[in-house]
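**Student:** Residue numbers (UniProt numbering): 1 to 930. C-beta: ideal position from N, C-alpha, C; glycine also. If you scroll down you'll find the structure; I have some questions about it.
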């Protein structure tokens, strides 16, 4: 291809891989994710001007754009080679627009190319088949970005004004939160129901034993709740005991089990969660590295195809390779007669490109193991096995059902089992068993014949209780969102992370539990914006976005219809009073915070009666820092408690309670609730003694169940576990600002929910410390001297990851950079950006003299102008920035370079949002009185 060509991709890792495939006529550069975005302020999308949108370059994008512009200036052709999805198309469009604004495209031919895998053949094929930027895909991106912006920047301020303590709302985020909250409500109202089953052991004439379950008694089929009490079960056992049994009927049938289709984004996240314990974000981050390229024996190759897809189809080339490999490895019998063709069943599936698969199936996991990290190898092996199994023959099982009948046919027991006659795809891949009954069905039964007498052994009545629906895990919530047609594959990981970052939900033992703040937000939206948290509405909107990308509907028409109704709904809340909000929330959440309880006499207790005055009624209140529960007799009665469920005695689980006296000091030991949660305290803290010693309650430990012994053990923390057998250093367990931890020398490691800080021993601590590299309290290396003052610039690692440091200025190293290879020039750029951002957060004193001015004088100036923080205009716009990225950032948040840009935007927004809340103090104070 004559002349010089420029290829533009998103990430430097991708650029590095592709650059090795192309000759000297090509320059491959990275845009580092999105080059432009909507400014985080009001007016970036203007409905009154037919949804005109403003775009601005990100702080980090300017340098990269300058580098790309220099390369394009002398090029003959530019290839926009961003990812093969809507976001990739949007980045290509943004890049073309920016280069056009710089008047660099007059004589340069700009083309779009895509490839589903980063291999030499795929890249060369794409270069031979260039096309123009797809306008329909761009329009769909613009519509999605505008919708997310309008919802975030319009709805979030309503929440701030009417629901103090809330942070943001989002088009998809709020619907996902509603799912979590509704499941929790189902669990709370669930009442377990008792039922019994009866099992008996039987022995054949050959002496082999097996177990069967009672299915009929006295001519009646036993339903689940037929035996509802122990008395019913005991009566049935007494009835059966004198009976003798024989084999009544044996039914055999052949069952074929077909393999599962290859992975899509959501099924990969689900299966990685079940099999590997990976969260959605970790799965996508690991898959990104496998896709962008790994050094295999001196050659950088992409190991898997593009990992953001809802298609389940495989290319003919991949199918042929799979069939050859299956034949070579396990024989012809494992290859189905015809190739398996899959079609997506998910609602609104795009199927724009292939399922996730290895780029070369003959590159077995054991062949690449030494080149991959542990997580990368585990995920690659999972993808390799699933892809291969999807093209294998079905498994064949013999399923057997045996009825054991009493001589008089009064009782019938049933045993089921199966035998695998041909394992087929199970040779390579097997789904985890989630159902105990499935294990029972796969038992192997001994050989029997009709009419054979059987010796009965022990009869066992078994008590059971129905179980509530399980809380959502990351995997099951992703599956539910996909079933409902809400969101897109690239959004799920980010949406789940946003809910945790906003402290709307918490993840405990891999299950989502809604925080009270999240329940309040959901209740508010359901009360006053019900249409916009409906599952069907959100899914229908996704369908319209699909129609836009298919060229079947105009994108601005979709925005006009949405905005007309949405703006009217927001306008209806303008005159909404805090009292009206409280009444609606109290009605929805009353059953949660004031559940029905029975007293000692069996009579129902009114959970709303104030435990202090005895006459007031408890209800929800809103204060400056959020919601709480208070008495209607305020100010005469000042009883309050945080948003928590009342205990059995009517007292709040978080109420102050004396547990007893410390045997050593004779001081009282209290369990209390403060601003930062529940804690135990030694002493009254009334000024008659020194400042009392306190210890926070670990997550999952409730004030209502706290006893004196546990409280004293908490107050005794930190405790020494002993010395590490290898290092000889002391290991200490304690509770710090970020929860329970282990300290080993100068290193710290957080404990997970599975370990108890009070009971963990030395052996387990050594294992926990060895599972992952501990974070150093102080660590770093010098990169060189800062050109301004000659003082060192260092690299370090902290709780929130690697950073660079100069004096007292710290800047995080983004995921797209390696802390091991970061250069002094890159560190200076990060520090300058951080200094400028800190200056912007502190007020109008930000210097305009460039990076140098932002890095030093701005700090001094803002310090002198502390009162200037009350500038309302700046706060309002900046505060809303937090909501702007709620769902819109989700499309790009998993791509390392884009995630960096998102952090750059959101960090100052959070600070500004916090400041903005101060300007509404009067409103929130009034709310507490209501």
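From residue 751 to residue 664, what does the alpha carbon distance come to, in whole angstroms?
**Tutor:** One-based indexing of the chain shown puts residue 751 at position 751. One-based indexing of the chain shown puts residue 664 at position 664. A straight line joining the alpha-carbon of residue 751 with that of residue 664 spans about 30 Å.
**Student:** DSSP state of residue 808, grouped into three classes?
**Tutor:** For the purposes of this step, residue 808 is identified with residue 808 of the chain shown, where counting begins at 1. Correct three-state label for residue 808: coil.
**Student:** Should residue 195 be listed as close to the ligand COA, given that the test is whether its C-beta is under 8 Å from any heavy atom?
**Tutor:** The ligand COA is absent from the structure shown, which contains no ligand whatsoever.
**Student:** Answer yes or no: does any C-beta atom of chain C fall closer than 9 Å to that of residue 530?
**Tutor:** Any reference to chain C falls outside this structure, which holds one protein chain only.
**Student:** Pull the bridge partners of residue 418 from the DSSP assignment, please.
**Tutor:** In the chain shown, residue 418 corresponds to position 418, counting from 1. Bridge partners of residue 418 according to DSSP: 399.
**Student:** Check whether the stretch 445–465 and the stretch 136–145 are in contact - that is, three or more C-beta pairs closer than 8 Å.
**Tutor:** No, they do not touch.
**Student:** Taking DSSP as the reference, what is the three-state secondary structure of residue 494?
**Tutor:** Numbered from 1 along the chain shown, position 494 holds the residue referred to as residue 494. Helix, per DSSP.
**Student:** First and last residue of the beta strand (DSSP E) that includes residue 512?
**Tutor:** Here the question's residue 512 lines up with position 512 in the chain shown. That run of the beta strand (DSSP E) goes 511–514.
**Student:** If you drop the 5 nearest sequence neighbours on each side, which residues of the same chain put their C-beta closer than 6 Å to that of residue 612?
**Tutor:** Mapped onto the chain shown, residue 612 falls at position 612. Closer than 6 Å at Cβ, skipping near neighbours: 637 and 639.
**Student:** Between residue 616 and the rest of its own chain, which residues show a CB-CB distance below 6 Å, the 5 nearest in sequence each way excluded?
**Tutor:** For this step, residue 616 is matched to residue 616 along the chain shown. By the criterion of a C-beta distance shorter than 6 Å, residue 616 is surrounded in its chain by 610, 631, 632, 633 and 637, once the five residues flanking it on both sides are discounted.
**Student:** Does the distance from the C-beta atom of residue 515 to that of residue 503 stay below 9 Å?
**Tutor:** By one-based count along the chain shown, residue 515 stands at place 515. By one-based count along the chain shown, residue 503 stands at place 503. Cβ distance < 9 Å, so residue 515 and residue 503 count as in contact.
**Student:** In whole angstroms, what is the alpha-carbon distance linking residue 884 and residue 121?
**Tutor:** Stepping through the chain shown from its first residue, residue 884 is reached at position 884. Stepping through the chain shown from its first residue, residue 121 is reached at position 121. The predicted model places residue 884 with a pLDDT of 39, which falls under 50 and marks its position as unreliable; any figure quoted below should be read in that light. Roughly 40 Å separates the two Cα atoms.
**Student:** Going by DSSP, what residue range makes up the alpha helix (DSSP H) through residue 574?
**Tutor:** Translated into positions along the chain shown, residue 574 becomes position 574. Segment: none, residue 574 is in no alpha helix (DSSP H) and carries neither H nor E.
**Student:** Can you tell me whether DSSP reads residue 181 as helix, strand or coil?
**Tutor:** To locate residue 181, count along the chain shown from 1; it is residue 181. If DSSP states are grouped into helix, strand and coil, residue 181 belongs with the helices.
**Student:** For residue 200, which beta-bridge partners are listed by DSSP?
**Tutor:** Position 200 of the chain shown holds residue 200. According to DSSP, residue 200 bridges with 212 and 459.
**Student:** Quick one: what does DSSP say residue 88 is sitting in, helix, strand or coil?
**Tutor:** Taking the first residue of the chain shown as position 1, residue 88 is located at position 88. Of the three classes helix, strand and coil, the one that applies to residue 88 here is helix, per DSSP.
**Student:** Mind checking which residues open and close the alpha helix (DSSP H) that includes residue 14?
**Tutor:** Residue numbering aside, residue 14 sits at position 14 when the chain shown is read from its first letter. Note, residue 14: alpha helix (DSSP H), 12–19.
**Student:** Taking only three categories from DSSP, how would you classify residue 783?
**Tutor:** Within the chain shown, residue 783 is the residue found at index 783, counting from 1. Strand.
**Student:** Exposed or buried, which one is residue 931 when buried takes at least 16 other CB atoms within 10 Å?
**Tutor:** Only positions 1 to 930 of the chain appear in this structure, which leaves residue 931 out of reach.
**Student:** Could you check what DSSP says for residue 831 in three-state terms: helix, strand or coil?
**Tutor:** Mapped onto the chain shown, residue 831 falls at position 831. Looking at residue 831 - three-state DSSP - the assignment turns out to be helix.
**Student:** Within a Cβ cutoff of 8 Å, which residues of the same chain sit near residue 297, ignoring the five residues on either side of it in sequence?
**Tutor:** If you number the chain shown from 1, residue 297 lands on position 297. These residues qualify, in order along the chain: 371.
**Student:** For residue 15, which residues from the same chain have a beta carbon less than 7 Å from its beta carbon, with the 5 sequence-adjacent residues on both sides left out?
**Tutor:** Taking the chain shown and counting its residues from 1, one reaches residue 15 at position 15. Excluding residues within five positions, the ones whose Cβ falls inside 7 Å are 9, 28, 29 and 30.
**Student:** So which of 428, 721 and 805 has the shortest CA-CA distance to residue 827?
**Tutor:** Along the chain shown, one-based indexing puts residue 827 at 827. Answer by Cα proximity: 805.
**Student:** Specify the secondary structure class of residue 763 as computed by DSSP and reduced to three states.
**Tutor:** The sequence position of residue 763 within the chain shown is 763, counting from 1. In the structure shown, residue 763 sits in a helix (DSSP, three-state: H, G or I).
**Student:** Please state whether DSSP places residue 4 in a helix, a strand or coil.
**Tutor:** On the chain shown, position 4 is the one that residue 4 refers to. Three-state DSSP puts residue 4 in coil, outside helix and strand.
**Student:** Exposed or buried, residue 909, counting other C-beta atoms within 10 Å across all chains shown (16 or more means buried)?
**Tutor:** Locating residue 909 in the chain shown gives position 909, where the first residue counts as 1. Residue placement at residue 909 cannot be trusted, given a pLDDT of 41 that sits under 50; what the coordinates show is reported in the next sentence. The residue is buried, with at least 16 neighbouring Cβ atoms inside 10 Å.
**Student:** Span of the beta strand (DSSP E) holding residue 696?
**Tutor:** Your numbering for residue 696 matches position 696 in the chain shown. Here the beta strand (DSSP E) through residue 696 covers 693–696.
**Student:** Over the uninterrupted beta strand (DSSP E) stretch that includes residue 681, give me the two end residues.
**Tutor:** Within the chain shown, residue 681 is the residue found at index 681, counting from 1. Here the beta strand (DSSP E) through residue 681 covers 677–682.
**Student:** Measure from the alpha carbon of residue 472 to the alpha carbon of each residue in 485, 453, 491 and 506, then state which is nearest.
**Tutor:** If you number the chain shown from 1, residue 472 lands on position 472. Closest by alpha carbon: 506.
**Student:** Could you check the C-alpha separation between residue 559 and residue 148 for me, to the nearest Å?
**Tutor:** Along the chain shown, read from residue 1 onward, the residue named residue 559 stands at position 559. Along the chain shown, read from residue 1 onward, the residue named residue 148 stands at position 148. Answer to the nearest angstrom: the Cα atoms are 11 Å apart.
**Student:** Spell out the partners DSSP gives residue 803 in its beta bridges.
**Tutor:** Mapped onto the chain shown, residue 803 falls at position 803. Within the DSSP bridge table, the entry for residue 803 names 796 and 812 as partners.
**Student:** On the DSSP bridge list, what partners appear for residue 53?
**Tutor:** In the chain shown, residue 53 corresponds to position 53, counting from 1. DSSP output for residue 53 lists 45 as bridge partner(s).
**Student:** Can you tell me the Cβ-Cβ gap for residue 765 and residue 733, rounded? I've got them flagged as a contact below 8 Å.
**Tutor:** Indexing the chain shown from 1 puts residue 765 at position 765. Indexing the chain shown from 1 puts residue 733 at position 733. Right, their Cβ atoms sit about 7 Å apart.
**Student:** Using the three-state DSSP reduction, which class does residue 151 fall into: helix, strand or coil?
**Tutor:** Reading the chain shown from its first residue, position 151 is the one you call residue 151. Of the three classes helix, strand and coil, the one that applies to residue 151 here is helix, per DSSP.
**Student:** At what residues does the alpha helix (DSSP H) containing residue 591 begin and finish?
**Tutor:** Taking the chain shown and counting its residues from 1, one reaches residue 591 at position 591. Per DSSP, residue 591 belongs to the alpha helix (DSSP H) from 578–593.
**Student:** Assign residue 307 to buried or exposed, taking buried as 16 or more other Cβ atoms, counted over all protein chains shown, within 10 Å of its Cβ.
**Tutor:** The residue given as residue 307 occupies position 307 in the chain shown. Classification of residue 307: buried, given that the 10 Å Cβ count is 16 or more.
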